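Engineer: Just so we're aligned, residue 309 is where the sequence shown starts under this note's numbering, counting upward by one.
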Amino acid sequence: MVNVIDVLAERGFIKQTTHDEPLRKLLSDQSVTVYTGFDPTADSLHVGHIVAIMALAHMQRHGHRPIAILGGGTALIGDPSGKTELRQMLTREQIAQNVKGISAQIGRYLDFGNGKALTLNNADWLSNINYIDFLRDTGVHFSVNRMLSAECYKGRMEKGLSFIEFNYMLLQSYDYLYLQHQFDCRLQMGGDDQWSNILAGADLIRRVGHIETYGITFPLLTTSGGKKMGKTEEGAVWL
309 MVNVIDVLAE
319 RGFIKQTTHD
329 EPLRKLLSDQ
339 SVTVYTGFDP
349 TADSLHVGHI
359 VAIMALAHMQ
369 RHGHRPIAIL
379 GGGTALIGDP
389 SGKTELRQML
399 TREQIAQNVK
409 GISAQIGRYL
419 DFGNGKALTL
429 NNADWLSNIN
439 YIDFLRDTGV
449 HFSVNRMLSA
459 ECYKGRMEKG
469 LSFIEFNYML
479 LQSYDYLYLQ
489 HQFDCRLQMG
499 GDDQWSNILA
509 GADLIRRVGH
519 IETYGITFPL
529 LTTSGGKKMG
539 KTEEGAVWL
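This is the structure in structure tokens:
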């Protein structure tokens, strides 16, 4: 049977992978739960998300279980990856409306039902975190020096990086840990600008649960001006 890794590679979907051979073996030997996150900073996805959505669809066609995470919690923080300045802060009401719109779009591409694909909102668990407990149980595993060397933060050091954005990596890593505990999720996929966050999540799981998890990143689709196509960038083509 064809390995889904080869299917994704043939289509040019893969930019980087962690532990390529063990990941390939895992996907050949068993059904794997895999997730990708979508931050609801607008009420629609754009063509830059097509690779991520289709990668989840290919995973499902090859017997794996996809989870689409709608970042109702992380959208309240704002992902600094690929951004030169602080994102506009959205209200909870705006985010809830965006979650509704994006969830409907993802439903067109994945097969949902008992034991099939899932759509989850990370606000359901992130909103209940006790800050002191989070710092003691999760923050203790993160090195500030290492975080500052990550690509998602390096580009912001001269122009300013807010403390609220600095927490984004911890929250995304916690998402991966939560999904591993609750759904035995072993693989996270995302755009190549998420590489540092994916590595941080896998490292957190290894430190806390002593379990090996994996990551795949996709090439970024850019605008005619060479910028990553994003919901807040000019030139985005909406789905």
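Heads up, the beta-carbon is just placed ideally off N, CA and C, and yes, glycines get one too. Computed from a predicted structure; not experimentally measured.
Apart from the five residues just before and just after Pro348, which ones in its own chain have a Cβ nearer than 7 angstroms to its Cβ?
Structural biologist: Once the five neighbours on either side are set aside, the close Cβ partners of Pro348 are Leu378, Gly379, Gly380, Ala383, Ile403, Asn406, Val407, Ile410.
Engineer: Ordered along the chain, which non-local residues of its own chain (more than five positions away) have a Cβ less than 7 angstroms from that of Arg332?
Structural biologist: Only Asn311, Ile313 meet the Cβ criterion.
Engineer: Pop quiz: Gln502 and Ser352 are said to be a contact at Cβ under 8 angstroms. What is the actual Cβ separation, rounded to whole angstroms?
Structural biologist: Not really, about 20 angstroms apart at Cβ, beyond 8 angstroms.
Engineer: Around the C-beta of His357, are 16 or more other C-beta atoms found within 10 angstroms, so that it is buried, or is it exposed?
Structural biologist: Buried.
Engineer: Helix, strand or coil for Thr325? Go by DSSP, reduced to three states.
Structural biologist: Three-state DSSP puts Thr325 in a strand.
Engineer: Could you tell me which residues DSSP pairs with Tyr343 in its beta bridges?
Structural biologist: Paired residue(s): Ile375, Gln496.
Engineer: Can you tell me where the alpha helix (DSSP H) with Ile513 in it begins and where it stops?
Structural biologist: Its alpha helix (DSSP H) spans residues 503 to 517.
Engineer: Cutting at 7 angstroms between CB atoms, please list the residues of its own chain near Arg514, excluding the five before and the five after it.
Structural biologist: If we look at Arg514 and ignore the five residues flanking it on each side, its Cβ neighbours are Glu520.
Engineer: Around the C-beta of Gly423, are 16 or more other C-beta atoms found within 10 angstroms, so that it is buried, or is it exposed?
Structural biologist: Gly423 should be labelled exposed.
Engineer: List the DSSP bridge partners of His354.
Structural biologist: Partner(s): Trp546.
Engineer: Output the residue ranges of the alpha helix (DSSP H) runs that lie fully inside the region 411 to 447 and measure 4 residues or longer, sorted by chain position.
Structural biologist: Here the runs fully enclosed are 431 to 434, 439 to 445.
Engineer: Can you name the start and end residues of the beta strand (DSSP E) that Phe526 belongs to?
Structural biologist: That run of the beta strand (DSSP E) goes 522 to 526.
Engineer: May I ask which residues mark the beginning and end of the alpha helix (DSSP H) holding Arg454?
Structural biologist: Start and end: 452 to 456.
Engineer: For my contact list, Pro493 and Tyr343 are in at a C-beta cut-off of 8 angstroms; report their separation, rounded to the angstrom.
Structural biologist: Here the sequence assigns Cys to residue 493, which means Pro is not the residue at that position. Indeed they touch by this definition, with Cβ atoms about 5 angstroms apart.
Engineer: By DSSP, does Thr382 sit in helix, in strand, or in coil?
Structural biologist: Here Thr382 sits in helix by DSSP.
Engineer: What separation, rounded to the nearest whole angstrom, lies between the Cα atoms of Arg454 and Asn505?
Structural biologist: Cα to Cα, the separation comes out at about 12 angstroms.
Engineer: Please look up how many angstroms separate the CB atoms of Tyr484 and Thr446, rounded, as I've assumed it's under 8 angstroms.
Structural biologist: The Cβ separation is near 11 angstroms, so there is no contact.
Engineer: Only counting the same chain, and skipping five residues up and downstream in sequence, which positions put a Cβ closer than 6 angstroms to that of Leu426?
Structural biologist: The residues are Ile375.
Engineer: Which same chain residues end up closer than 8 angstroms to Pro330 when comparing Cβ atoms and leaving out the 5 residues on each side of it in sequence?
Structural biologist: Once the five neighbours on either side are set aside, the close Cβ partners of Pro330 are Glu520, Tyr522.
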